Amino acid sequence: MRSMSVLLFDIDGTLVSTGGAGGEALHDAFYQDFEIDGSHEVPLSGRTDRGIGRNLFEMHGLEDSDENWQRLREGYLRRLPQYLPRFPGRVLPGVQTLLERLALRSDTALGLLTGNTMEGARIKLGYFDLFRYFRFGGFGDEHHDRDGVAAAALRAARQHCNGHTEPVWVLGDTPLDITCARSIGAKVLAVATGIHPRHELATLKPDVLLDDLSDTEQVLTLLG
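In my numbering, the protein residues as written are 384 to 607.
See the structure below:
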């Protein structure tokens, strides 16, 4: 069997912007369902949902238990479909066309490498009609850090492709996307479509750095 080129996409800031709907749904699930007053800023960019949950528990003196995580996760997933239409979300430049073109290639497998939970990824990308392009991935249900998600995504890719995965690319918009790609020996295409400016991403030396994915032919050529 010939080798498959594997492309692992981040979601938030790379494929879509939810306009803040995801973060708002997660924070509201925590502060409302756990009946806690006040709010603390927790970094979200490039993080896993499980890692964000642990930070919230620790900040408020709650046990970082499976029970509390499942309660937070369920509250978040219950709110997310309601919050998405309330915020100015959008598919980011070039993404729709790029995915359509890639889906036609028999030598390319499309997966996800995201800090979102699996169901959160399905809800977000389903809302923008993009989930149908992806067949496997690594998600933020269990892993506290991005490197763990990357390792899970690579295992899923190898299973999907019967072990024939070469090359592997990670496409993302945060420094953690770049570092987690390096942890699995993947190449990196970074895009400055999230909150991290181009010069910040450049310091980590991704293989490719673009303002966005709007030039489909250029992206396809760079990915090989």
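Think of the CB as a built atom: it goes at the ideal place given N, C-alpha and C, for glycine as much as any other residue.
Everything numeric in this text was worked out from a predicted model, so none of it was measured.
Q. In whole angstroms, what separates the C-alpha of ASP512 from that of GLY568?
A. Straight-line Cα distance between these residues: approximately 30 Å.
Q) Where ARG473 and GLU418 are concerned, what is the direct C-alpha to C-alpha distance, given to the nearest angstrom? A) Our two residues, ARG473 and GLU418, have alpha carbons roughly 32 Å apart in a direct line.
(Q) Closer than 8 Å is the cut-off here; do at least three beta carbon pairs connect the region 466 to 483 with the region 395 to 403? (A) The region 466 to 483 makes contact with the region 395 to 403; the number of CB pairs closer than 8 Å reaches 3 or more.
Q. What is the DSSP secondary structure of THR491, counted as helix, strand or coil?
A. Looking at THR491 - three-state DSSP - the assignment turns out to be strand.
Q: Would you mind sorting ASP449 into buried or exposed? The rule is 16 or more other CB atoms within 10 Å of its CB.
A: By the 16-neighbour rule on beta-carbons within 10 angstroms, ASP449 is exposed.
Q. What number of angstroms, rounded off, separates the C-alpha of GLU446 from the C-alpha of LEU508?
A. Rounded to the nearest angstrom, the gap between the Cα atoms of GLU446 and LEU508 is 31 Å.
Q: Express the C-alpha separation of THR397 and HIS543 in angstroms, rounding to a whole number.
A: Roughly 23 Å between the two C-alpha positions.
Q. For HIS582, does the count of other Cβ atoms within 10 angstroms reach 16, so buried, or fall short, so exposed?
A. Around the beta carbon of HIS582, fewer than 16 other beta carbons sit within 10 angstroms, so the residue counts as exposed.
Q. So what's ARG430 in DSSP terms, helix, strand or just coil?
A. Residue state for ARG430 is assigned as coil, using DSSP reduced to three classes.
Q | GLY503 burial status per 10 Å Cβ neighbour count (16 or more: buried) | A | Classification of GLY503: buried, given that the 10 Å Cβ count is 16 or more.
Q: Pull up the DSSP beta-bridge partners for SER388, would you.
A: As a beta-bridge residue in DSSP terms, SER388 pairs with THR491.
Q) Can you pull the DSSP bridge partners for THR548? A) Residue pairing by DSSP places THR548 opposite MET387 in a beta bridge.
Q: Would you mind stating whether GLY498 and PHE519 have Cβ atoms separated by less than 9 Å?
A: Contact flag unset, no.
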